[in-house]
Structures are given as C-alpha cells and as structure tokens.
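Here the numbering used here is used: the first residue of the sequence shown is 83, the next is one more, and so on.
C-beta atoms are modelled at their ideal positions from N, C-alpha and C, and glycine is treated no differently.
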Amino acid sequence: MNALSENLFGLKMRRVSDLIGEQGREAFWRSGIGLDAKLTSLVIALYEKDEQSSSDLAAFTGLSRQLVESRLKTLEAESYVKSAVSKKDARKRVFSLSGRKRAEVKEAVQMMRDFEKVYDALWREIGVDMSDTVLKLERALHAKPLLARLCQQFPQYQQDLKVSGNDR
C-alpha cells in the first residue's frame, strides 16, 4: 500500500468497517448463527419492536428504504422474517420475526449487546470514544457537507465543481 492510500480517511474507515464486519461474521459463524451480520440492524429493530414497515425500519437504521426492502427480502427468503398486511392500514406491509428462527435471533441479539460492551472496552483501550466521535462526525457532516468544507478550505473547487451558494 502506498503512502497516499494509507492516509485516505475514507479508505481507512472502509478497512475498519470491513474488518469489524468480517470479525462479526466469524463470531456468528463460530456460534452457529447463520444470520449475516450486515442484516442484524433490521433483526434487532424487529426484535425490539415487532411489526414494522420498511419505512419504520429505514428510519430506525438510517438505511435507505430500498436497501431495507432488499435486505428484508433476503431475511424473508432465509425464514428470519415474515411479512403481512398491516392491521392498522391495509395499504402497508409490516414485517416481524418468524417464530422458526427466533432462538437464533435471540442469540444474535445477545451477541450484538455483548459486542457493544467489547467496543466500549476497545474505545477505552485506544483512548477514544468512537461511538460518540462517529455521532459527532455524522452531525457535523449533516450540518456542513464535505463539498462545502472542500470549497471553503480550497476556494478553487467552487468554480471547478460548479458549486452554487445553495450548496454551502
């Protein structure tokens, strides 16, 4: 790896995210949990509050509704989730955990809770509260996106990227 790629923030974040995902999948696999670790946010949401629409799940996870619906199809095909027409609004579909894999889901949810404790210990080990830091980073980027920051720090980009005053 060259010096530039080692210093690219987005690449570093991706490597860490991939590493966490790989190690989470390994822990699930070794525990006999067949659930793909990338689908756990939806399963946890349904475990915490049964029967939710794809829009509710998107709001809970911060994922796009299209990605949530794609992942729900996978979860449904693997018998983790079932869907039905909402009792409150017949125009909506709601999703809930299927009884068939509930024990496995319960084990996965417990492992995710334990991972949160592991993360807390890891943050102490490295001397940074990453949960808090990532939330601050997310809020700062919503308040002022990267493009606005780039143009502010390097004004030549404002013209090169055809940035209007509305983009800042």
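query, result
"Unbroken beta strand (DSSP E) run spanning L145, endpoints", "Where L145 is concerned, there is no enclosing beta strand (DSSP E), given that its DSSP letter is neither H nor E."
"Residue interval of the beta strand (DSSP E) (run including R175)", "175 to 179"
"Close-in-space but distant-in-sequence residues of the same chain around M212 (CB under 6 Å, 5 per side omitted)", "W205"
"Exposure label - Q238; buried when at least 16 CB within 10 Å", "exposed"
"Buried or exposed by the 16-neighbour rule on C-beta atoms within 10 Å, applied to L117", "buried"
"Nearest neighbour of V200, chosen from V125, Q105, A140, P227 [CA to CA]", "Q105"
"contact_flag[the stretch 166 to 175, the stretch 97 to 115] where n(CB pairs < 8 Å) is 3 or more", "no"
"Local Cβ density within 10 Å of F110, reported as buried at 16 or more and exposed below that", "buried"
"Inter-residue Cα distance where the pair is M194 and S135", "23 Å"
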